[in-house]
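Structure, as structure tokens:
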Amino acid sequence: MDIHNWIHVNKETTAKIFSFTILIMGILFILGAIKDWDWLYKPDEYYQSKWSLGQASRYWGRKTSRIIGFISGVLFTIIGIGWVYFTCIK
Numbered sequence: 007m008d009i010h011n012w013i014h015v016n017k018e019t020t021a022k023i024f025s026f027t028i029l030i031m032g033i034l035f036i037l038g039a040i041k042d043w044d045w046l047y048k049p050d051e052y053y054q055s056k057w058s059l060g061q062a063s064r065y066w067g068r069k070t071s072r073i074i075g076f077i078s079g080v081l082f083t084i085i086g087i088g089w090v091y092f093t094c095i096k
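Going by our numbering, the residue at position 11 of the sequence shown is 17; the numbering climbs one at a time, nothing skipped.
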């Protein structure tokens with residue numbers, strides 16, 4: 007069974023995995039902004055077509071990037087908590 011079929015067969019399990027992933031990602035963004043993790047906010051050395059917090063650090067500065075990361079973390083955490091509630095508890 008390939009991954010595509012597994013996802014369709016196990017929709018509830020997949021939803022739970024994604025909800026916890028979003029929640030953990032939000033918590034890590036918040037912790038990274040508070041602790042100023044270099045691996046998350048280090049400015050990128052060169053231009054890339056994909057936007058990341060490293061690109062934000064490069065263009066707008068590290069402090070602004072940390073604020074963006076904190077706000078994003080709060081949003082991801084709220085979405086993750088809601089999704090966990092509706093997939094696991096309710």
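All C-beta atoms, glycine included, are put in the ideal place defined by N, C-alpha and C.
- When secondary structure is reduced to three states using DSSP, residue 71 falls in the helix class.
- Straight-line spacing of the CA atoms in residue 49 and residue 70 works out to 12 Å.
- Only residues of its own chain outside the window of five on either side were considered, and among them 93 have a CB closer than 8 Å to the CB of residue 18, listed in chain order.
- Linking residue 27 to residue 35 through their CA atoms gives a straight-line distance of about 12 Å.
- DSSP places residue 58 in no alpha helix (DSSP H); its state is neither H nor E.
- Exclusion of the five residues before and after residue 40 leaves 76 as the residues of its chain whose Cβ lies within less than 8 Å of its Cβ.
- Boundaries cannot be given for residue 95, as no alpha helix (DSSP H) includes it and DSSP labels it neither H nor E.
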